[in-house]
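Participant:
Residue numbers (our numbering): 2 to 99.
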């Protein structure tokens, strides 16, 4: 298996990786591999899984002043988007692709 070097990781991301490794009693390498696999929609076996989502909406931290009902509606929308199949979502117009 190839080794990869990832440069320019911001301090917030690095601290989150370390915290997850500590909380789950995993190595930092295992946390990064897990994040990459799930972020790319790959299962542990390397197969694309339609059941896996690109991110965990529950891990999102909302900024600003949100009341409870706004936060709940936003979380519900994120959950629905995370479960949607990519083919069911609108594709960007060619002019938006840059």
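Glycine residues also receive a C-beta, built at the ideal position from the N, C-alpha and C atoms. Note that the structure is a prediction, hence the values are computed from the model and not measured.
Following the continuous alpha helix (DSSP H) through residue 29, name the residue where it begins and the one where it ends.
Facilitator: Looking at the DSSP string, the run of the alpha helix (DSSP H) that includes residue 29 is 29 to 40.
Participant: Have a look at residue 76 and residue 69 and give me their C-alpha separation to the nearest angstrom.
Facilitator: Going by the C-alpha atoms only, they are around 10 angstroms apart.
Participant: Report all residues from its chain with a CB closer than 6 angstroms to the CB of residue 35; omit the five preceding and five following residues, and keep chain order.
Facilitator: Cβ neighbours of residue 35 beyond the five flanking positions: none.
Participant: For residue 6, count the other beta carbons within 10 Å of its own beta carbon; 16 or more makes it buried, fewer makes it exposed. Which is it?
Facilitator: Under this definition residue 6 is an exposed residue.
Participant: Have a look at 71, 10 and 42 and flag the residue whose alpha-carbon is nearest the alpha-carbon of residue 87.
Facilitator: Cα-wise, what sits closest to residue 87 is 42.
Participant: Rounded to whole angstroms, what's the CA-CA distance from residue 13 to residue 20? Just pull it up for me.
Facilitator: When rounded, the distance between both Cα atoms is 10 angstroms.
Participant: Shorter than 9 angstroms from the beta carbon of residue 36 to some beta carbon of chain C?
Facilitator: No chain C is present in this structure, which holds just one protein chain.
Participant: On the three-state DSSP scale, how would you describe residue 80?
Facilitator: Helix.
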